[in-house]
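To get my numbering, take the position in the sequence shown, counting from 1, and add 13. A short worksheet on the structure shown next.
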Amino acid sequence: MYATRNPAPAALTSPVPLAAWWATATVLAAWSLRGFPAGVGVAVIAVVAVAAGVLVVLVRRYPLSGNQIRVAAYVCAFVATQAVGVFNAIAVMTPGISYTPQGFGPQILIEVFGGPALSVWTFVLVRAWVIDSRGLFARPAGRSRFVRLSVGGAAAAASLLVLFAANIGYHTLIGLATVPDIDYPMHAHSTGQWLVLALSLALAGVAEEPVFVGIAVLLWPRPTGRTFVAVWALTALARAGIHLYYAAGADAATAIAVLLVVLWCGVWSGFNLFLVYRTRRLWPVILAHGLQNTLGFAAALSISTAGSADELLLVVTAGLILGTMLFIVVAVVCFLVMSVRRLWFGFRRTDQVKGRNCPLVQTPQCPPEPQSHQTIG
């Protein structure tokens with residue numbers, strides 16, 4: 014059943030907001046490519062501008078119908094928001110591309126917040142297009158806030174644990190394949206640089222999941238088994254694109270390293286897709302992504318600052334690790350409490366439908382209620 018359409022999304026897909034979105038995507042790409050050769054930067058900016066323009070045309074001129082339109086919309090949204098990240102990953106993996114780092118000045122905050130903001134904006138834009146075309150599938154109604162938060166927290170904890178397992182499996186396979194084990198490049202030295210890097214990594218879920226998973230669920234809201242596999246493959250390839258830097262330094266084994274990155278991203282995207290389809294909520298996988306990056310950052314920080322007298326960094330590291338562990342515990346406990354409550358009241362409701370006021374454990378001494386109470390219309 015589709016939810017009732019809201020006329021508000023029509024304003025989001027009018028010419029002025031679409032032009033503003035297109036300009037933001039293009040300008041942010043140009044800003045993020047400072048330091049690369051002019052010719053290379055212009056080419057990437059042109060690709061972003063064209064992809065964003067095509068998405069604008071799709072939203073304005075075409076209803077959401079057919080897999081061709083959906084795939085084109087997904088690819089354009091991905092390129093408009095993630096092309097710079099893909100290019101940076103390829104630049105790290107491919108020797109010979111000159112690059113001048115821009116440092117950790119205040120201007121880097123434009124990239125730190127701009128990327129996540131653009132991804133959320135793109136998600137909202139596609140969502141408005143979907144609503145305007147055919148409406149959205151309604152979420153399950155009648156759930157209390159505690160139930161919603163418990164389900165979301167449990168989904169986030171599950172996503173986080175599966176991602177940990179995928180990371181362990183990836184690094185294990187890397188070792189077996191004798192491929193260099195490359196981690197996220199962290200070129201930070203001062204306390205301020207470490208904090209900016211931590212903020213950037215924590216917001217990575219906001220920058221990636223609305224596009225990789227969120228837009229996919231919007232475009233294919235009720236996939237069949239075969240369609241789900243196709244969407245899974247599409248999101249896995251998209252996610253692998255911005256993580257290709259993990260294959261840097263593999264030389265002759267580059268193909269194997271890239272294949273392992275795709276496999277790792279496939280597990281990651283597949284489980285996140287499953288969670289979002291089941292819960293109809295995106296924030297749990299965003300939160301899990303940020304927490305995973307935060308823990309990885311804390312581990313790198315603890316190694317880089319071993320023996321350091323900087324108390325702020327030590328406090329931040331301990332806080333990140335303990336906070337993430339506390340979140341997992343609280344999420345699991347809340348989910349268990351919710352499950353027990355739903356199980357208990359479910360039995361009680363079933364008991365009432367049967368017309369009996371017996372306790373949860375039935376006894377022979379519990380007589381049936383009068384016939385008039387046994388039938389509910």
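The beta carbon of each residue, even a glycine, is placed where N, CA and C say it ideally should be.
As assigned by DSSP and simplified to three states, the class of residue i
{"i": "residue 76", "result": "coil"}
{"i": "residue 235", "result": "coil"}
{"i": "residue 392", "result": "Only positions 14 to 390 of the chain appear in this structure, which leaves residue 392 out of reach."}
{"i": "residue 302", "result": "helix"}
{"i": "residue 228", "result": "helix"}
{"i": "residue 263", "result": "coil"}
{"i": "residue 12", "result": "Outside the modelled stretch of the chain, which goes from 14 to 390, sits residue 12, for which no answer is possible."}
{"i": "residue 292", "result": "helix"}
{"i": "residue 208", "result": "helix"}
{"i": "residue 107", "result": "coil"}
{"i": "residue 27", "result": "coil"}
{"i": "residue 255", "result": "coil"}
Beta-carbon proximity check, residue i vs residue j, cutoff 8 angstroms
{"i": "residue 31", "j": "residue 60", "result": "no"}
{"i": "residue 299", "j": "residue 218", "result": "yes"}
{"i": "residue 226", "j": "residue 289", "result": "yes"}
{"i": "residue 282", "j": "residue 233", "result": "no"}
{"i": "residue 135", "j": "residue 224", "result": "yes"}
{"i": "residue 56", "j": "residue 35", "result": "no"}
{"i": "residue 301", "j": "residue 176", "result": "yes"}
{"i": "residue 141", "j": "residue 26", "result": "yes"}
{"i": "residue 221", "j": "residue 295", "result": "no"}
{"i": "residue 216", "j": "residue 297", "result": "no"}
{"i": "residue 179", "j": "residue 280", "result": "yes"}
{"i": "residue 89", "j": "residue 53", "result": "no"}
{"i": "residue 87", "j": "residue 270", "result": "no"}
{"i": "residue 310", "j": "residue 214", "result": "yes"}
Residue from the options whose Cα sits closest to the Cα of residue i
{"i": "residue 272", "options": "37, 87, 190 and 96", "result": "190"}
{"i": "residue 455", "options": "286, 131, 83 and 36", "result": "Since the first residue of the chain shown is 14 and the last is 390, residue 455 is not available in this structure."}
{"i": "residue 247", "options": "168, 93, 286 and 220", "result": "286"}
{"i": "residue 304", "options": "184, 211, 256 and 236", "result": "211"}
{"i": "residue 133", "options": "74, 37, 107 and 258", "result": "37"}
{"i": "residue 208", "options": "121, 93 and 51", "result": "121"}
{"i": "residue 192", "options": "268, 94 and 280", "result": "268"}
{"i": "residue 347", "options": "184, 47, 169 and 23", "result": "169"}
{"i": "residue 253", "options": "95, 43, 53 and 161", "result": "95"}
{"i": "residue 80", "options": "311, 312, 50 and 236", "result": "236"}
{"i": "residue 343", "options": "270, 159, 181 and 63", "result": "159"}
{"i": "residue 171", "options": "309, 291, 41 and 312", "result": "291"}
{"i": "residue 41", "options": "98, 257, 238 and 309", "result": "98"}
{"i": "residue 105", "options": "349, 255 and 284", "result": "255"}
{"i": "residue 261", "options": "213, 206, 311 and 101", "result": "101"}
{"i": "residue 78", "options": "28, 238, 62 and 143", "result": "143"}
Residue range of the alpha helix (DSSP H) that includes residue i
{"i": "residue 47", "result": "Careful: residue 47 lies outside any alpha helix (DSSP H) and carries neither H nor E."}
{"i": "residue 129", "result": "121-147"}
{"i": "residue 163", "result": "158-189"}
{"i": "residue 192", "result": "Where residue 192 is concerned, there is no enclosing alpha helix (DSSP H), given that its DSSP letter is neither H nor E."}
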